[in-house]
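303 is the number that this note's numbering gives to position 283 of the sequence shown; each next residue is one higher, with no gaps.
What follows is a set of notes on a single structure, which appears directly below.
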Amino acid sequence: MKYATLNTGATMPLEGFGVFQIPDAAECERVVYDAIRTGYRLLDTAAAYMNEEALGKAVKRAIGDGLVTREELFITTKVWVQDQKNEETAYQAVKTSLAKLDMEYVDLVLLHQALGDYFAAYRGITRAYREGLTKAVGVSNFYPFVLANFCENVDVIPAVNQIELHPFFSQEDALALMKEYGIQPQAWGPLAEGKHGIFTDPLLVGIGRKYGKSAAQVVLRWNTQRGVSILPKSTHMERMEQNIDIWDFELTEDEMKQIGEKDLGHSEIINHFDPGLVRALNGMKIHE
Ligand SMILES: NC(=O)c1ccc[n+]([C@@H]2O[C@H](COP(=O)([O-])OP(=O)(O)OC[C@H]3O[C@@H](n4cnc5c(N)ncnc54)[C@H](OP(=O)(O)O)[C@@H]3O)[C@@H](O)[C@H]2O)c1
């Protein structure tokens, strides 16, 4: 495992485990416990995933069973758009997440989307950061033009920007900008959520064959080799094991370039530029 040093000075495992689309509490608890058993130390949830309680229970059980200590774990959650209304709603959302997780602090709180009054919401999570409720603050889904404007106007530069990053949407421009501001890029959907035939893609399979690795392992390795933190999600133990087994091989410069050439220049998972989606996300309620 490699680690990233955040602009707070804290270290974060470069690879973690995401729990999006595991709404069933019992399944989420099982999966998170299995992920910790497999060796994942960075766990990524969000208020909107509706599984913070289950994740918290799995962590507590893993610590109780002696698998890991809280200090060895890096736990991320996110404030949903509904709570990105003002400073107070965002600050209270962090407290609600901590109560659900049953934790005294998390390692990172992100604003989930560049929607609502995200400047005010950021002041709310920054207050939580100053009070020690979170060890770092950051953002998610902030495209370069939004991120540049944001960084020019906030006191605390985000530690992380979590965005969609995989070979079919490589966002090299976003990575370059984050480098300028000292922000750690983190990939959501590092396996493109299974789209584009990613697991059977001839180039990826061919490169993998050379190293005795799968296409999934090749794309995960590709992102980490360009300095990106990754959060592959799987409910299957054998895939969890496979996805974390990427630290014993290195892609050549030419292979990195060939994989990068798969970029389509846009997302085929979500269109943040669609006003209809903006309205839908603003209308999505996760609580009263
Ligand atoms: N900030 C945001 O807006 C945002 C958005 C999306 C995601 N995220 C975060 O990023 C994490 C990862 O993204 P994601 O869950 O959307 O997608 P992903 O990790 O790119 O892909 C997950 C899909 O790939 C399958 N899979 C995983 N490993 C595999 C392997 N080795 N071989 C074949 N299939 C495999 C999984 O199936 P099984 O589960 O059935 O194994 C699942 O269907 C999320 O869980 C979440 O924490 C954040």
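Where a beta carbon is used, it is the ideal one built from N, C-alpha and C, also for glycine.
Classification of residue i by the beta-carbon crowding that lies within 10 angstroms, buried from 16 upward
i, result
"Ile-282", "In the sequence on display, residue 282 carries Lys and not Ile. Per the 10 Å Cβ criterion, buried."
"Trp-267", "exposed"
"His-132", "buried"
"Pro-178", "buried"
"Glu-308", "exposed"
"Met-198", "buried"
"Met-260", "buried"
"Pro-205", "buried"
"Phe-293", "exposed"
"Gly-29", "exposed"
"Lys-230", "exposed"
"Gly-214", "exposed"
"Gly-285", "exposed"
"Glu-72", "buried"
"Thr-65", "buried"
"Ala-300", "exposed"
Closest Cα partner of residue i within the set the options
i, options, result
"Met-257", "Ala-24, Cys-48, Val-157", "Cys-48"
"Pro-187", "Ala-45, Leu-26, Gly-280", "Gly-280"
"Ala-74", "Gly-144, Gln-41, Tyr-231", "Gln-41"
"Val-166", "Glu-192, Leu-185, Tyr-149, Tyr-138", "Tyr-138"
"Phe-97", "Ala-119, Leu-297, Asp-85, Glu-108", "Residue identity differs from the one stated: residue 97 is Thr in this sequence, not Phe. Considering only alpha carbons, the answer is Ala-119."
"Thr-109", "Tyr-142, Asp-85, Glu-92, Pro-295", "Tyr-142"
"Arg-274", "Asn-169, Trp-242, Gln-262, Gly-285", "One detail in the question is off: residue 274 reads as Asp in this sequence, not Arg. Asp-274 has its Cα closest to that of Trp-242, out of Asn-169, Trp-242, Gln-262, Gly-285."
"Val-176", "Phe-162, Ile-145, Val-79", "Ile-145"
"Val-39", "Thr-28, Val-52, Asn-27, Gly-29", "Val-52"
"Val-129", "Ser-160, Glu-172, Arg-50", "Ser-160"
"Gly-247", "Ala-196, Arg-50, Val-88, Leu-87", "Ala-196"
"Glu-172", "Ser-190, Glu-213, Tyr-201, Val-225", "Tyr-201"
"Glu-270", "Pro-164, Leu-240, Ser-117", "Leu-240"
"Gln-262", "Arg-299, Ser-287, Leu-211", "Leu-211"
For residue j and residue i, the rounded distance between their alpha carbons
i, j, result
"Ala-55", "Met-70", "18 Å"
"Gln-104", "Ile-218", "34 Å"
"Gly-36", "Lys-253", "9 Å"
"Glu-124", "Ala-113", "14 Å"
"Val-157", "Leu-251", "18 Å"
"Ile-264", "Gly-59", "8 Å"
"Glu-151", "Lys-115", "11 Å"
"Asn-302", "Leu-135", "7 Å"
"Ala-45", "Trp-100", "19 Å"
"Thr-272", "Gly-232", "15 Å"
"Met-304", "Glu-107", "19 Å"
"Arg-81", "Pro-295", "43 Å"
"Asp-85", "Thr-255", "21 Å"
"Ala-68", "Met-276", "34 Å"
"Leu-153", "Phe-189", "34 Å"
"Val-238", "His-216", "15 Å"
"Tyr-163", "Pro-43", "27 Å"
Sub-7 Å separation of residue i and residue j beta-carbons
i, j, result
"Arg-57", "Tyr-111", "no"
"Asp-122", "Lys-155", "no"
"Leu-3", "Ile-83", "Since the first residue shown for the chain is 21 and the last is 308, residue 3 is missing from the structure and cannot be characterised."
"Trp-208", "Glu-184", "yes"
"Arg-61", "Glu-92", "yes"
"Ile-203", "Asn-181", "yes"
"Ile-306", "Gln-102", "yes"
Beta-carbon proximity list for residue i, same chain, < 7 Å, skipping 5 on both sides
i, result
"Tyr-23", "Thr-31, Met-32, Pro-33, Leu-34"
"Asn-291", "Leu-297"
"Asp-221", "Ala-235"
Own chain residues within Cβ distance below 8 Å of residue i, not counting five before or after
i, result
"Thr-244", "Lys-22, Leu-34, Glu-35, Ile-250, Ile-266"
"Gln-278", "Leu-223, Ile-227"
Contacts around residue i, its chain only, beta-carbon distance under 6 Å, and the 5 residues preceding and following it disregarded
i, result
"Ala-78", "Glu-49, Val-52, Tyr-53"
"Val-88", "Ile-56, Ala-82"
Test: residue i CB closer than 7 Å to a CB of chain C
i, result
"Gln-204", "Among the chains of the structure shown, chain C does not appear; only one protein chain is present."
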